[in-house]
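Single-structure report; data block below.
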Amino acid sequence: RSIDREEVRKKTLETLDYNLIKVKLGNTEENDKIMISTIREVTNLPIVVDANQGWKEKGQALSMIEWLAARGVEMVEQPMPK
Numbered sequence: 006r007s008i009d010r011e012e013v014r015k016k017t018l019e020t021l022d023y024n025l026i027k028v029k030l031g032n033t034e035e036n037d038k039i040m041i042s043t044i045r046e047v048t049n050l051p052i053v054v055d056a057n058q059g060w061k062e063k064g065q066a067l068s069m070i071e072w073l074a075a076r077g078v079e080m081v082e083q084p085m086p087k
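Going by my numbering, the first residue of the sequence shown is number 6, and it counts up by one from there.
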């Protein structure tokens, strides 16, 4: 299922009074990147993400963490299963 960018923008605008944004990821890598990129179009608030163990391979998790860090994501919770 694809990301509704307008809905993400709308929800992001609702968070602007907060100190940070927490985002649940772990859908598909493409959707995760669209979600973060869309949020970054709206705000530079700090972002923390919960990947819900959605990245199954270590290489994928490390790649996503590097990509997220480059976009100002400050913390990643549960990137992959134990």
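Think of the CB as a built atom: it goes at the ideal place given N, C-alpha and C, for glycine as much as any other residue.
Next item on the list: Express the C-alpha separation of R45 and S68 in angstroms, rounding to a whole number.
Entry: 19 Å
Item checked: Length of the line joining the Cα atoms of N24 and K15 -> 17 Å
Notebook entry, point to check: Which residues in the same chain as E35 place their Cβ atom closer than 7 Å to its Cβ, once the five residues preceding and following it in sequence are excluded?
Noted result: none
Check: Excluding sequence positions up to five away, which residues of its chain have a Cβ less than 8 Å from the Cβ of R10?
Finding: I39 and T43
Notebook entry, point to check: Roughly how many angstroms separate the alpha carbons of D55 and L18, rounded to a whole number?
Noted result: 20 Å
Check: According to the neighbour-count rule (16 or more other Cβ atoms, all chains shown, within 10 Å of its Cβ), is K22 buried or exposed?
Finding: It is worth fixing the name first, because residue 22 is Asp in this sequence and not Lys. D22 comes out exposed.
Notebook entry, point to check: So is G31 buried or exposed if we call it buried at 16+ other beta carbons inside 10 Å?
Noted result: Buried, because 16 or more other Cβ atoms sit within 10 Å of the Cβ of G31.
Note to self: Less than 8 Å between the beta carbons of I52 and V28, yes or no?
What the structure shows: If you check the CB distance, I52 and V28 come in under 8 Å.
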